[in-house]
Each structure stands twice: as C-alpha cells, then as structure tokens.
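Down below is the structure, laid out as structure tokens.
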Amino acid sequence: DSGMKKKKTKNKYRVSDELWKKIEPLIPKHPNTHRFGGGRPRVPDSEAMDGIFFVLRTGSQWNALNDTGICSSSTAHSRFQEWTKAGVFQKLWTLALEDYDELKGIDWSWQSMDGAMTKAPLGGEKNRPKPYRSS
1 DSGMKKKKTK
11 NKYRVSDELW
21 KKIEPLIPKH
31 PNTHRFGGGR
41 PRVPDSEAMD
51 GIFFVLRTGS
61 QWNALNDTGI
71 CSSSTAHSRF
81 QEWTKAGVFQ
91 KLWTLALEDY
101 DELKGIDWSW
111 QSMDGAMTKA
121 PLGGEKNRPK
131 PYRSS
C-alpha cells in the first residue's frame, strides 16, 4: 500500500520533537497577508522542515519530495529560501555547536571558519585586466 510507504518515509525522516523545540523559536512568524484575512492555510513549518532535512540528509533533488508524502517540493524549497534569508540555518548551526560543546567539548583553539562561509578578504579586484594573447 503506497499510503503506508509514504507514512514510513515521513516518520523515518521526521525532525524529532526535541530538535523541533530548538528550531521552532528560530523561525520568524509568517503573517497572513491575504487581503480578507483568510486564504489557504500554510503548510505547518515542522512539515516543511521535515522536507528540507529529507533533501539534506538524502542528497536527493527537491522534486523527489513529491513522492514521499512529507510535503511538496515547492513548499520545502520556498521555506528553505525564506529561512536561509532569515538566518534560521546559521542560528541553528550555532546552537548545534553550543550543544555539542556542552556535551562533548570543542577545542576552540584550533577551530577556524571555513572559507566557503565568508568572502575572501583579499579576493582580488572585480575587473582585472585581461591577459594579452600571445600569437
């Protein structure tokens, strides 16, 4: 039965209640912008996060979500974009490091930021002269 398979997939990749309690306060409130105050209900943030974590954990494409029953790929992707812009994942990363440091300890003396997380301070000029072609 495909319904059972979808439910199994949904449960297997669901964000735990414990983790969700840490994530939920980081997510900005989404105001209802419908001109009459109604409109279609927004997919719960927890389901969208389940979808985002499914993509991140499996390495699958966003469209693969449509076959899982977790949430639609468009919902997960738009929330991912929205929450990335709002700094949700950066804040979550910081919280995760703090929790790990508390549990196991991190030797911060040798830690350095990954160059992919920030622009190179000496990245060069934007419009460098083009090299001459030798013929």
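According to UniProt numbering, the residues represented by the sequence shown are 1 to 135, in order.
C-beta atoms are modelled at their ideal positions from N, C-alpha and C, and glycine is treated no differently.
| task | Give the C-beta separation of THR75 and GLY51 to the nearest angstrom, bearing in mind that I take them to be a contact with Cβ-Cβ under 8 Å. | result | 7 Å
| request: Closer than 8 Å by C-beta to TYR13: which residues in its own chain qualify, once you throw out the five before and the five after it? Chain order, please. | output: ASP50, PHE53, PHE54, ARG57, THR58, THR68, ILE70
| request: Just the C-alpha distance for ASP101 and ASP107, rounded to the nearest angstrom, thanks. | output: Distance between ASP101 and ASP107, taken at the CA atoms: about 9 Å.
| Is the Cβ-Cβ distance between LEU65 and SER78 less than 8 Å? | It is not a contact, given that the beta carbons lie outside the stated cut-off.
| request: Return yes when the C-beta of GLY105 is under 7 Å from any heavy atom of the ligand FMN, and no when it is not. | output: By its list of ligands, the structure shown contains no ligand whatsoever, and the ligand FMN lies outside what it can speak to.
| said: What would DSSP say about ARG79, mapped onto helix, strand or coil? | reply: Three-state DSSP puts ARG79 in a helix.
| query | Would you report the Cα separation of GLY39 and GLU47, rounded to the nearest angstrom? | reply | 19 Å
| field | Other residues of its chain near LEU26: CB distance less than 7 Å, five sequence neighbours each side excluded | value | VAL88, LYS91, LEU92.
| query | With a Cβ-Cβ cutoff of 8 Å, do HIS34 and ARG42 count as a contact? | reply | No, these two residues do not count as a Cβ contact at 8 Å.
| query | Between which two residues does the alpha helix (DSSP H) carrying LEU92 extend? | reply | 88 to 103
| field | Whole-angstrom C-beta distance between ALA86 and PRO28, which should lie under 8 Å | value | At roughly 5 Å, the Cβ-Cβ gap stays under 8 Å, so PRO28 and ALA86 are in contact.
| request: Excluding the 5 residues preceding and the 5 following TRP62 in the sequence, name in chain order all residues of the same chain whose CB lies nearer than 7 Å to its CB. | output: VAL55, SER73, ALA76, HIS77
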